[in-house]
Amino acid sequence: MPPRRQAEGGLSLESATAIQTGGDSGELVDLKQPAESLILHRVTDPDEIMPPDDNSVGAKRLTAPQVDLIRRWIEGGSPIDRMNDDSMNWEPIPESIRTSLALAVSPDAHSLAVAHANRVNVVNIPDRQSITQLVDPGLAQPGVASLDFVGAIAYSPLGQRLATGGFKTVRLWQRVPGQVQPWQWSMPIGGMTVLSPDQSRLAFVDTIGDVQLWSIDQQQHLATIAVPNKASLINWNAANQIAIVDRSKTLRYIDVETRQEKASYLLESNVRQLSCSADGGLAAVVQGDGRVRLFDQTQGIEKQSVSSLEDVTVAFATTANALWVGTRSGNVQHIDLNSDKVSQSFANGSPVSTIAVGQERLYVGSESGEIKTFNRAESQLVSTSSGDWQIRLQQQTLQHQLKQQADWTEHLKKQSETLKANVEKEQKSLDEAQKAHDEAKKKLETDRQQRDEVKLQLEVANVNKATLEESIAKNKSADETLQQSIASIDQQTESMTQSMTSLRQKSVAANEQVKDAESKLAEAMKQLQEAKDLAAKELATLQASEKELAEKQQLREQQTAERKELESKRAESEKQLADQTKQIEQHQKTLGERAKTVATSEQTLANKSQALEATKEAHKVAAEKVPAQQREILVRSLRVDSIKQDLEQIGNTGASTQPVVSIRESLSNNTIVVLDAAGKLRRFDVASGQPLGPAISIGFESVTKQTQLANIGNSWCVLGRFTPRTIQLDERWKLQSVIGGLQSELISDRVMALAFSPDGTMVALGSGVPSRSGMVAIADTSTGEVVRQFDGIHSDSVLTLRFSPSGDLLASGSADKSIRLIDFRQSRVIKSLDGHTHHVLALDWKRDGRMLVSGGADKNIKLWDVESGQQQRNIGPLSEEVTAVRYLADSNRVASTTLDGQIRIHDTGNGNQVSAAGAGQLLYALDITDNGEFLSVSGEQGDVSVWRTDGLQRITNP
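Residues 63 to 1020 in my numbering are what the sequence shown spells out, letter by letter.
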């Protein structure tokens, strides 16, 4: 929950405690140095003046006289009157101020409660006449329900309670049951009791069988009519004549003034009922055998149209020539005795127990407890009335719950099919993801294998390259050795060649010497021999050198050949090395590509693995939703069955199956009062047939068919074989309990929102300190005790509240522009709906509980999907602030009011405006009848207007 916003610097002057506590910077008042008091600094400091000019609540700077007043108050010791501390001096609100901030229509759609300033009137919807007022007897101002303006009103679902909200206070009001008051004067009543036509006198069969006449105004006995054989039935429809049937089966006409018998007739059988016309010209006697006998004051009358009837249960003589009869076969006939013909016939459908004839309508009571109202002129059925008001409202509430649960169940079933389809879809996705994962894994393995093969080839190529490089190095080394050897041989050859040249020269010189010696043979034989020896020696040396030279040359040629071979091998090795290097580069390139492919495949596999896990999780979630959904479907189906059983049980036990004994039309002709054989009184609306208000017991568990309802002035009474009873039928309310109060800290400010839970056991209230915090509290309606409280759930005042149709959630709307959905049992906010740009002024749930509509001061109506928390549609902006919005029953249409007095109907399916009308005043409040057919609005002038929602046709006062 958002924290409650505090005053700037913790500074507050709202209470004595706050003034003494001070702010974050210390105490507000310094009595030793008044001029140094913090409060004076705060209201005079030009740099940090309080309140700041840019405050959000429109607060103004203090004027110089106001500042001087504070200074003098501090200098005077800053006294605080504890007796009046934190209390307001409430001035009475003049009755002329009729502004209406709130109204609520009763669940039975017959009445509404509307606030006029601090007064609350309960108004009859058909004619807008006041029925009663809600009055708190503990308030000083008489006739009011609150000290301050009433900001919110709500009816409980069963119509037995009203809640009104005022300043820091909620009042719970209890509907007072109708009261039955026996007349407080002693009369010896022993049999049937009747009223004179002018309602001034009473006639009854006393305990000895005579008929006594009493004055109602004087509450005293007037006369006694002696009856020879104990009276059993009496009738006083004619002003000066009483008809009596006694136990001798004799019909007697008695003059009221003289108390003398005018005529008498002996009847053939037991008499079930006696009816006389108001003019005294006709008496109709219903016999025990179901036949009717007619009499005037001089003789019996025979009429074929009457004598042919054999199953009459009730007869009603209106004039001397007109008779109404009801039969066990379920028909009602109007017989014209002049023509001896049935002039009108009405099909009731079940045995008739009583008849009441009004100026325009015929009311037929049945043995089954049902009442049918017919239009006399057109012989058309107007309405059928039955049942009990409380039971009808219980049925109405249960039917709403049944539809809501059934709709939710169907919604869940459709969702279930979708969930199953999602499971299949997720399974398919899972299979596809698994397949893609396996393919990616297989491809990764292939790519890794190909990469490893390239790696191996690269390693082999590198080994070959190293071998070639080593071979080339050895070749180069051998070549260098051969080059050195050849160079050495070349050097030796050159040296030997030079030596041989010298030897050749020496040999030539020796040969020359030989020649010289030969020429000087004699002299030189010796020298010749020496020279020959020398020449031979030199020749041998030369030959040896030549041989060595030849060997060297041969070795050189051999090494040169070896070198050429080495060069050839080296060239081949270098070529192979170049090829191997190129191959290595290709392998390295391929290896890089394979590595990238492997990395890509690894990423693909990782993605596929992630997708697979996500798909598995999605499949798991989808699969888990199905049983959860099935469980919820089962739970809601059980709820549906339980509600159906409750409805069936209520239908079996709640509807009155007791025969209708008496029916009376109200003075306004809009309602009828019905008495059944079990002694229960009920009121019904003539137009709709709906029961109005709780049933009232007259104090007897059974009454005879001779018991009658009557009007004495404006009062209702019951006449029978007992002391007459006056019946209080008008709707009345009494204060049950008060939640909060002026001296209580429970509620922080004005209560602007109220809502009853669907079962009526709880009431939620919304309040808050403007611009600081918003609070919601929930109280037990039977005790008024607060059982849940949510302080600071909003950051501004709570202006509207609505329980969900199932009663599981509470929606709150606030001046902080937000909507909260509260699981109040778990004390947590489950969703926040944000979208309005100004105060949220109104909320309403669709009856299926899946949609929420809101209206705001931003002039917009918004539709919200509750499950997702998403805004589904925006309608607007409209002409002015949307002050109220309500769904029309369980339709897709909403009714709204705007501050400028406009009423609109919108189709939420497409957002189109269906109809609009002006109410002629600023509108603050709107409510709808349960069936969505009528709406009521009120506002600045306090006038309540009622409209048909179809076409927005205004209903004028009758």
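Using N, Cα and C, we set each Cβ at its ideal position, and we do this for glycine too. Remember, predicted model here, so these are calculated numbers, not experimental data.
Check whether the Cβ atoms of residue i and residue j sit closer than 8 Å, and answer yes or no.
i      : j      : result
Ser704 : Thr471 : no
Thr416 : Ser724 : yes
Val736 : Ile433 : yes
Met824 : Thr845 : no
Val354 : Val404 : no
Val185 : Ser192 : yes
Thr435 : Ser428 : no
Asn291 : Ser310 : yes
Leu284 : Ala305 : no
Ala214 : Met837 : no
Leu925 : Arg912 : no
Ser941 : Gln964 : yes
Leu201 : Thr226 : no
Ile946 : Ala987 : Note on identity: in this sequence residue 946 is Ala, with Ile being the wrong assignment. Cβ atoms of Ala946 and Ala987: closer than 8 Å.
Glu210 : Leu797 : At residue 210 the sequence reads Asp, which differs from the Glu that was named. No.
Pro244 : Pro756 : no
Gln359 : Glu330 : no
Gly352 : Arg390 : yes
Leu639 : Leu530 : yes
Gln456 : Leu743 : no
Val347 : Leu313 : yes
Can you give me the C-alpha to C-alpha distance between residue i and residue j, rounded to a whole angstrom?
i       : j       : result
Gln1003 : Ala179  : 10 Å
Asp962  : Trp152  : 30 Å
Arg834  : Trp1009 : 39 Å
Ser977  : Leu1014 : 7 Å
Ile548  : Lys568  : 29 Å
Thr1018 : Lys230  : 37 Å
Asp469  : Lys490  : 31 Å
Glu793  : Val414  : 30 Å
Arg890  : Ala207  : 34 Å
Ala957  : Arg948  : 5 Å
Ala175  : Ser162  : 11 Å
Leu464  : Val915  : 22 Å
Gly973  : Pro204  : 47 Å
Ile884  : Ser663  : 50 Å
Glu110  : His103  : 9 Å
Gln650  : Ser539  : 31 Å
Counting along the chain, where does the alpha helix (DSSP H) carrying residue i start and finish?
i      : result
Ala740 : Neither: Ala740 is in no alpha helix (DSSP H) and is coded neither H nor E.
Pro127 : 126 to 137
Gln366 : 366 to 369
Among the options, which has the Cα closest to the Cα of residue i?
i      : options                         : result
Ser248 : Ala293, Leu100, Leu328, Phe784  : Phe784
Asn993 : Leu950, Val956, Tyr986          : Leu950
Asp272 : Asn183, Ala288, Phe746          : Ala288
Thr555 : Leu344, Gln281, Gln442, Ser607  : Ser607
Arg237 : Pro250, Gln222, Trp245, Gly228  : Gln222
Ala571 : Lys504, Glu675, Glu600          : Glu600
Gly751 : Gln591, Tyr425, Gly240          : Tyr425
Leu827 : Asp821, Phe852, Gln805, Leu653  : Phe852
Ser857 : Asp493, Asn922, Ser874          : Ser874
His499 : Ser367, Ser447, Ala676          : Ala676
Ala439 : Ser448, Gln545, Thr970, Arg423  : Arg423
Ala535 : Val516, Ser1007, Ala668, Ser635 : Ser635
Arg263 : Asn332, Thr286, Asp308, Gly411  : Thr286
Ile46  : Ser930, Val928, Gly897          : Any question about residue 46 goes unanswered here, given that the chain covers just 63 to 1020.
First and last residue of the beta strand (DSSP E) that includes residue i?
i      : result
Val999 : 996 to 1001
Ile758 : 753 to 759
Leu100 : No beta strand (DSSP E) contains Leu100, which is instead part of the alpha helix (DSSP H) from 100 to 106.
Ser294 : 293 to 300
Leu424 : 423 to 428
Met249 : Met249 -> no beta strand (DSSP E), and no H or E assigned at all.
Met112 : Neither: Met112 is in no beta strand (DSSP E) and is coded neither H nor E.
Ala817 : 815 to 818
For the putative contact between residue i and residue j, defined by C-beta atoms under 8 Å, what is the C-beta separation to the nearest angstrom?
i      : j      : result
Ser880 : Val848 : Contact flag wrong, Cβ pair sits at about 23 Å.
Pro867 : His462 : 7 Å
Ala904 : Thr862 : 5 Å
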